[in-house]
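Colleague: Okay, here's the structure, questions in a sec.
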Amino acid sequence: MQLDAADEFISLGNIRRSQEIIQQSMSQVRSLLADARRTIDYLRLKSSSDHDIRESLTDEIQCFFQATGINVYPKIQIVSQMSRMLMEHSLYIVSECLTNVAKHAKADKVWVTVTERNNRIEIEVKDNGTGFDTSQLGKQAGHYCWDYMSLYG
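This is the structure we're talking about:
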């Protein structure tokens, strides 16, 4: 309905009002999309309570491949049962890394390694994308460098 109103304002020559309506619509759509993602994540995690981390990561990687066509080469070496919280956070980290690869890397291959060592979970996500200028690290607002992340179980 808002787009219909914006279209009407355009036909009347009121571009400024049309842009306001479109901006409001875009903001609402972003909010709805964020809500939908949170709901999907919640449902995915709720349904994954009977899965182990290997199955959940495999599902996440499969969804990523289907959505992007980017080949993923997983290496998952977990032997212990993870706490639900650690599993949720690990899945979220991998999901965010894959999202960043899809958005920014211009890659066609991704390697996801999740290993358990010395009572730690180590997550590494590499791609064959374009990379970025390392001399700019920490100089741009809103950009952070996480070159290594380790979670304790």
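Numbered per the working numbering, the sequence shown spans residues 15 to 167. Using N, Cα and C, we set each Cβ at its ideal position, and we do this for glycine too. The model shown is predicted, which means the values in this text are computed figures rather than measured ones.
1. Find the nearest neighbour of R98 within the set D49, I67 and I137, judged by alpha-carbon distance.
2. Locate the alpha helix (DSSP H) running through T82, then write down its first and last residues.
3. Check whether the Cβ atoms of F78 and L57 sit closer than 7 Å, and answer yes or no.
4. Write down the C-beta distance between Y87 and K123 rounded to the nearest angstrom, noting that I regard them as a contact closer than 8 Å.
5. Tell me the DSSP secondary structure of T127 in three-state form.
6. Given N114, which residues of its chain have a CB within under 8 Å of its CB, disregarding the five upstream and five downstream residues?
7. Among L46, I135 and D18, which one has its Cα closest to the Cα of E102?
8. For D18, write down the residues that DSSP places opposite it in a beta bridge.
Modeller: Considering the structure as presented:
1. I67
2. I67 to T82
3. no
4. At roughly 7 Å, the Cβ-Cβ gap stays under 8 Å, so Y87 and K123 are in contact.
5. strand
6. none
7. I135
8. Paired residues: none, contrary to the question.
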